Each structure stands twice: as C-alpha cells, then as structure tokens.
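Structure record follows, encoded as structure tokens.
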Amino acid sequence: MSNSDNNQAGEGIESRVRRVVSGTEAYDIHTHLYDPAFGELLLWGIDDLLTYHYLVAEAFRYFDFPYEDFWKLSKSEQADKIWDVLFLQHSPVSEACRGVLTTLQGLGLDVAGRDLGSIRAWMAEQDPAEYVSKCMEVAKVRKICMTNSPFDDLERPVWEKGFERDPRFVAALRIDPMLLDWENTHQQMAGWGYNVSATLDESTLSEVRRFLADWSDKMDAQFAMVSLPPTFAYPDDSPCGTLIEKAVLPHCRENGLPFALMPGVKRGVNPLLQMAGDGLAKFDIANYERLFSAHPDNKFAVTALSRENQHELCVAARKFRNLHIFGCWWFTNIPHVIDEMTRMRLELIGLSVTPQHSDARVMDQVIYKWSHSREVITRALIDKYSDLEKTGWVVSDAELERDVKDLFGGAFETFCAR
Ligand code: FIX
Ligand code: ZN
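Here the sequence shown stands for residues 1 to 418, where the numbers follow my numbering.
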C-alpha cells in the first residue's frame, strides 16, 4: 500500500483516529428507546432526563425524606428535587449528572445559567419527531435497537395494531418474564391463545416456540434477549434452563438469530427505590462456557454487568467464536471502567467486539452516552494504532474507517448476518 493514501498532508495518527471516530455513525445495539410510532412510550426532554433511575439512586443518597414522599410527586416535581440536590446543592460530577450537562450542551442550550425554567421552556417548544432526528444527528447514531417486550401491556397493543416502521429503529425480542417467571407468564400466554401449561412438556414447548416465532416475525426482531441473575446455571432443569434449551435456542438457531444475554443483575436489591433499586453480583463464567460449548450453532451476544467478570468474558470470547461481546452496561458505563474494558477487549480480542451500546431510556441521552464513550474509545484507539506505527505498520485511512465502522455496530451486524 502506498503511503499517499494513508493520510492527508502528513496528518498524524492521533488526528486521523479522532477524525474517523467522530465521523463514524453508530448502530446503538441496545437501548430502551422506541420508534416514534409508540408515542408517549418514547421518553424525551428535561424532566425525563432528570428522573432517569441512575440519578434517582444518586439523589436518594442526599434526600432525608421517606421514599414514598418522592414517589407521590409528579414527574416535574421529582425533577425539581433532583436538580436541586444533585446540581445546585452539590457539583454534578457523577457520570449520570455530567451526562445531563453534556446533553444540554449538545442541544445548544446554556448550562452555565443553571436555569431549569428556561431549559423547560425551550423543550416545550420542540416537535417530538424533529427532536428524535436532532438527537440522533448530534449523537451521530444511524440506527437504534429498541428493547421490545410482548409482555409489556403498554407496548403489546401497538405491535398488535400495527404501525408504519421508522427504518432507523429496529427491534429486539425481550423475554425476561417468560424465562424468569414462567409460573405467572404461562398464564398470560395461555390467555393470548397459546396452549401452554406450567409443566414444560413437549406440547407446551412447541407452543412456546410458536410464540417466539410469531413475535419475532411481528417485530422483525434482530435477536432475542434476556437479563440474567448472577445465579444463572447451565445446564439446569429449572423452567429457565428448560425453556432456553428446548425453545429459545432452537428458535434462534432455526432463524439465525443471536441470543443476547445480560448476566449479573440482581433485581430489587432495594425495592423502595423502584427501578433504581437493582444491583449486581459476579457470576460464574463456567456456566456460560458450558452453554457456548454445547451450542456451537447458536450465536450469543453478551454484556456482563460486573466489572469483575469482564476479563474472563474476554477470555471466553477467545475460545468461542459464537460469542460476541458488547457494551459497557449500566454500572460499567463510567469513563474509567469503559477505558479499562475497551483496552482489555482490544488487546485480547482485537476488533471483533462492539465496545459500546447506550442503554438510553430517554432519547436525548444518546447525545451524552455516545459523546462520552467516543472520547474514551478514541483515546484507546490512538494508543493502539500508535503502537502499530512504532513497528513500521502504517494504517491507511480506508483501514481505519473499516475498523471503526466495525467497532460502532458493523461487526455486530456481520455477526447477526452470519
Ligand atoms: O435489563 C436491562 O436492559 C437494563 O439495562 C435495565 O434493566 C436497567 O434498568 C437500565 O436501564 C440500565 O442501564
Ligand atoms: Zn438495558
């Protein structure tokens, strides 16, 4: 390869990596955002930003009133309390607080004035459809994967009625209630016309496969997905283990769909905090190694919640090519852990990874989640490509663009298509 197409006018590697990363649009492979056709299910705006459950958990560290007094307030009253305690009474240095400011700045708003009223007034004038495009444009996100649950009573009717899809929003079939609470979920499914019983005999399992096929079709799901407690075991003859083995994996295999696993979450560690009350714990990677090894014809995409599991998960990816690692999820989505995880992944598994997803619950959040992560990923890449340059290996612009596109969703699309 000639040096002439490697860089423009002697531009150094640092500047080239910055240019390519900032110019590459991302496919955000896991969010809790919705196609605008879902109406009010798609959250956006300052009150939703401020009442994000990450901030609720942080605010309660300062609040001295009972939990229920907070939950009785309207959304904007809750937002006022959080703004006051996390932004005015203390400096907003946490990642989630800083995220609100990065987001407002990205939208062109003045944060220095600390004027919540004028921010609200500006937001009230925005058109929701244009707002979605603006957030995606500022965040440089080209495609968003939703989290879609047939078990959600607000979401299900929208799918059943049908709507015109926004091509920027793709679906993931989320099945936590089915795998983690079969006792109750089978009754719900029976009510929708699936001939299922509490006992997972062959006829029930075949009906579960029919349910998965119907909903994958209806949603045009890109993959199936579940979050798992740290106690998840494989093999296991619990309802969860049986459903995975005899319904979910066969369904995914037949349809070429990855099964996305999010292990390590402990739901309801403090139920008084509602959605903000979930915690984490380490899991035993041996269960996952057995799962990947027993199912070489299934594809698994995994993001682990505990920092302590990240290294062994990377090692597992070196052993199992049917495993794709993605994202720095939730409590790991803080700059110093993203930095550590991204470098570890690049060093152990190269570019066959998706370093980040946003997990955004509020449309505007894609702005900060992607801007903060892009910065950390950029620094890690600058170091990696500089190390290559020291050996005399020169990376062309086209190669840089190829690599970065892979990291920002391209490798995952290839994995899904495989
Ligand atoms: O299970 C999940 O998809 C998690 O991301 C959520 O349950 C969690 O509440 C969240 O928003 C984390 O970022
Ligand atoms: Zn999530």
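Where is the CB? At the ideal position from N, CA and C, for every residue including glycine.
Keep in mind the model is a prediction, meaning the values are calculated, not measured.
On the three-state DSSP scale, how would you describe residue i?
i, result
"residue 328", "coil"
"residue 17", "helix"
"residue 5", "For residue 5, the pLDDT reaches just 44, beneath the cut-off of 50, and the residue's location in the model is therefore unreliable, leaving the point undetermined."
"residue 288", "helix"
"residue 176", "helix"
"residue 416", "helix"
"residue 305", "coil"
"residue 223", "strand"
"residue 236", "coil"
"residue 283", "coil"
"residue 43", "strand"
"residue 323", "strand"
"residue 33", "coil"
"residue 28", "strand"
If contacts are defined as beta-carbon pairs under 8 Å, then residue i and residue j qualify, I think. What distance do you get, rounded to the angstrom?
i, j, result
"residue 411", "residue 353", "7 Å"
"residue 407", "residue 20", "Wrong, their Cβ atoms sit about 10 Å apart, outside the cutoff."
"residue 230", "residue 266", "7 Å"
"residue 247", "residue 212", "7 Å"
"residue 25", "residue 140", "5 Å"
"residue 205", "residue 67", "The Cβ separation is near 41 Å, so there is no contact."
"residue 179", "residue 243", "6 Å"
"residue 223", "residue 317", "17 Å between Cβ atoms; not a contact."
"residue 14", "residue 334", "That pair is no contact at about 24 Å."
"residue 138", "residue 106", "5 Å"
"residue 292", "residue 320", "4 Å"
"residue 348", "residue 315", "7 Å"
"residue 227", "residue 262", "4 Å"
"residue 351", "residue 403", "5 Å"
"residue 234", "residue 287", "4 Å"
Expressed to the nearest angstrom, what Euclidean distance is found between the alpha-carbon atoms of residue i and residue j?
i, j, result
"residue 99", "residue 183", "39 Å"
"residue 221", "residue 390", "44 Å"
"residue 85", "residue 47", "15 Å"
"residue 35", "residue 44", "12 Å"
"residue 115", "residue 77", "15 Å"
"residue 371", "residue 102", "8 Å"
"residue 164", "residue 37", "7 Å"
"residue 126", "residue 132", "10 Å"
"residue 3", "residue 16", "Because the pLDDT at residue 3 is just 39, under 50, the model does not fix this residue reliably, and the point stays unresolved."
"residue 327", "residue 28", "10 Å"
"residue 58", "residue 343", "28 Å"
"residue 360", "residue 367", "9 Å"
"residue 5", "residue 306", "Its pLDDT being 44, under 50, residue 5 is placed unreliably in this model, and the value from its coordinates should be taken loosely. Taking the straight line joining both Cα atoms gives about 42 Å."
"residue 363", "residue 33", "6 Å"
"residue 42", "residue 154", "12 Å"
"residue 151", "residue 254", "23 Å"
"residue 176", "residue 71", "25 Å"
"residue 109", "residue 373", "21 Å"
"residue 88", "residue 279", "27 Å"
"residue 191", "residue 49", "36 Å"
"residue 203", "residue 290", "27 Å"
"residue 12", "residue 398", "15 Å"
"residue 385", "residue 40", "44 Å"
"residue 414", "residue 357", "16 Å"
"residue 324", "residue 187", "34 Å"
"residue 104", "residue 136", "14 Å"
"residue 123", "residue 340", "36 Å"
"residue 313", "residue 232", "15 Å"
"residue 113", "residue 51", "20 Å"
"residue 1", "residue 387", "Low per-residue confidence applies at residue 1: pLDDT is 39, beneath 50, and the placement is therefore not dependable, though the value from the model is reported in the following sentence. Each residue's Cα considered, the two are about 19 Å apart."
"residue 217", "residue 129", "26 Å"
So, do the stretch 163-181 and the stretch 139-146 have three or more beta carbon pairs nearer to each other than 8 Å?
yes
Give the list of continuous alpha helix (DSSP H) stretches no shorter than 4 residues that lie fully inside the stretch 342-413.
365-390 and 397-405
Which residue spans inside the stretch 53-138 form an unbroken alpha helix (DSSP H) run of at least 4?
53-60, 67-71, 75-82, 95-106 and 116-124
Quick check for students: name the residue ranges of the beta strand (DSSP E) that lie wholly in the stretch 145-217, counting only runs of 3 or more.
169-174
Every unbroken beta strand (DSSP E) within the stretch 241-277, with a cutoff of 3 residues, ordered by chain
259-263
I want to know whether the stretch 187-198 touches the stretch 267-284 - three or more CB-CB distances under 8 Å.
no
Quick check: the stretch 59-71 against the stretch 278-286, are there 3 or more CB pairs under 8 Å?
no
How do the stretch 286-299 and the stretch 80-96 stand: do at least 3 beta-carbon pairs fall below 8 Å, yes or no?
no
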